[in-house]
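Residue numbers for the sequence shown follow our numbering, so the first one is 68 and each next one is one higher. Ideal placement from N, C-alpha and C gives every residue a C-beta, glycine not left out.
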Amino acid sequence: MQYNPGAQLDPSQMGGGGRGRGGTIAVGGGASILIMILALLFGFNPGDLLGGGAAPAPGQTDNSQYAHCQTGADIEKDPECRYVAYTNSIQNFWSQTLSGYQPTKTVTFEGAVNTAGGQASAQVGPFYCPADATVYLDKSFFQTMLPQLGAQGGDAAEAYVIAHEYGHHIQNLTGIMGKVQQQGQTAGANSPAVRLELQADCYAGAWLRYASGSADSIISEVTQDDLDRAVNAAEVVGDDHIQHMQAGRVDPSQWTHGSSQMRKEWLAQGFNSGDPNTCNTFAAGALD
């Protein structure tokens, strides 16, 4: 990805600084599947992270560590300013696209972070917590977890993951997430849970199209290699890929996020159309 050095960044959309010892996770968006991935790869009991317990108060959202990220040129001086660029670009898109959009924050952390739904450890990677409408990002995820799943990595892969979590924010604002959660835990290739995740992928694709459309925007260029890396990141978190890594077999009845092919197709749907209105994964026949 190429960044516009003259673009203004808004670090107030960031929070961060959390360090802790782990505990109960606030499950929202992609968190549960990431726990299962880690359980499969590292052999721990996901129930240890998904257990109950009283929820502590949400953590600090101090953005002082990003206060120096003022322009696109600052990304070259401090690569962590790229998180500000991703967040600003994604929220610029949704502010222009969704009437009544309510901006939120990306909160980065290391070790653990308190949320309105509990304490999350670093093992969960990026996730969206609907209880406080915030995207949380363990910064080590992109250096450790994605490569172990076989991802090529890179800025575009990171941006896709964060844009996917913001897709869950949109679903929370529009009420779609609440309707799916009311149906309880579901699984299967056509389940509401899979449709929710694929729609978030499609929303991420629509943002990628927006990001690639103007040299004057925060992200000035998205290359074919960037798109390939984003698609690759979507594929490696497909249920079938994870199941094959775990047991050498695939069971669609247990899918909660969709296959690698499904995730690739819906990411492409969003990118090719550039229109979130084409992301209705809940329509009859949408997953046929």
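Cα-Cα separation between residue i and residue j, rounded to whole angstroms
| i | j | result |
| --- | --- | --- |
| Asp-77 | Asp-318 | 44 Å |
| Asn-257 | Gln-250 | 14 Å |
| Asp-306 | Gly-272 | 19 Å |
| Gln-310 | Gln-321 | 9 Å |
| Pro-343 | Tyr-203 | 23 Å |
| Phe-349 | Ile-229 | 22 Å |
| Gly-114 | Gln-186 | Because Gly-114 sits at a pLDDT of 40, beneath the cut-off of 50, its placement in the model cannot be relied upon, and the following sentence gives the value as read from the coordinates. The alpha-carbon atoms of Gly-114 and Gln-186 are separated by roughly 14 Å. |
| Gln-252 | Ala-260 | 8 Å |
| Thr-345 | Tyr-227 | 18 Å |
| Asp-205 | Gly-352 | 36 Å |
| Asp-283 | Val-247 | 38 Å |
| Gln-158 | Pro-214 | 27 Å |
| Ser-332 | Thr-323 | Before going on, a small fix: residue 332 reads as Glu here, not Ser. So the two alpha carbons sit approximately 16 Å from each other. |
| Ser-67 | Ser-188 | Outside the displayed span of the chain (68 to 355) sits residue 67, for which this structure offers no information. |
| Gly-245 | Gln-219 | 33 Å |
| Ser-166 | Trp-274 | 16 Å |
| Phe-160 | Pro-170 | 11 Å |
| Asn-49 | Asn-181 | The chain is shown from 68 up to 355; residue 49 falls before or after that span and cannot be answered. |
| Cys-356 | Ala-183 | Because the chain spans 68 through 355 in this model, residue 356 falls outside it and cannot be assessed. |
| Asn-339 | Thr-164 | 16 Å |
| Gln-328 | Ile-142 | 33 Å |
| Thr-211 | Gln-291 | 24 Å |
Closer than 8 Å: residue i CB and nearest the ligand ADP heavy atom
| i | result |
| --- | --- |
| Phe-209 | Annotation note on the ligand ADP: not contained in the displayed structure, which lists no ligands. |
Beta-carbon spacing of residue i, residue j below 9 Å
| i | j | result |
| --- | --- | --- |
| Ala-301 | Arg-276 | no |
| Ala-278 | Ser-162 | no |
| Gly-280 | Gly-337 | no |
| Tyr-70 | Ile-285 | yes |
| Gly-221 | Arg-296 | yes |
| Thr-138 | Lys-172 | no |
| Met-81 | Asp-293 | no |
| Ala-198 | Val-289 | no |
| Val-410 | Leu-334 | Absent from the model: residue 410. The displayed extent of the chain is 68 to 355, so no value can be given. |
| Ala-152 | Ala-254 | no |
| Thr-154 | Gly-83 | no |
| Ile-237 | Tyr-168 | yes |
| Glu-177 | Ser-131 | no |
| His-308 | Ser-326 | yes |
Distance between beta carbons of residue j and residue i, contact taken as under 8 Å
| i | j | result |
| --- | --- | --- |
| Gly-217 | Val-303 | 5 Å |
| Glu-232 | Tyr-195 | 4 Å |
| Ala-179 | Pro-72 | Wrong, their Cβ atoms sit about 35 Å apart, outside the cutoff. |
Determine, using beta-carbon pairs with one atom in the stretch 241-249 and one in the stretch 296-315, whether at least three such pairs fall under 8 Å.
Because the criterion of three Cβ pairs below 8 Å is not met, the stretch 241-249 and the stretch 296-315 do not touch.
My parser needs the alpha helix (DSSP H) runs of 4 or more residues fully inside the stretch 143-228; what are they?
Qualifying alpha helix (DSSP H) stretches, in chain order: 149-164 and 208-216.
Taking one C-beta from the stretch 141-156 and one from the stretch 264-273 each time, how about it: are there three or more such pairs within less than 8 Å?
No: the two stretches stay apart, fewer than three of their Cβ pairs being nearer than 8 Å.
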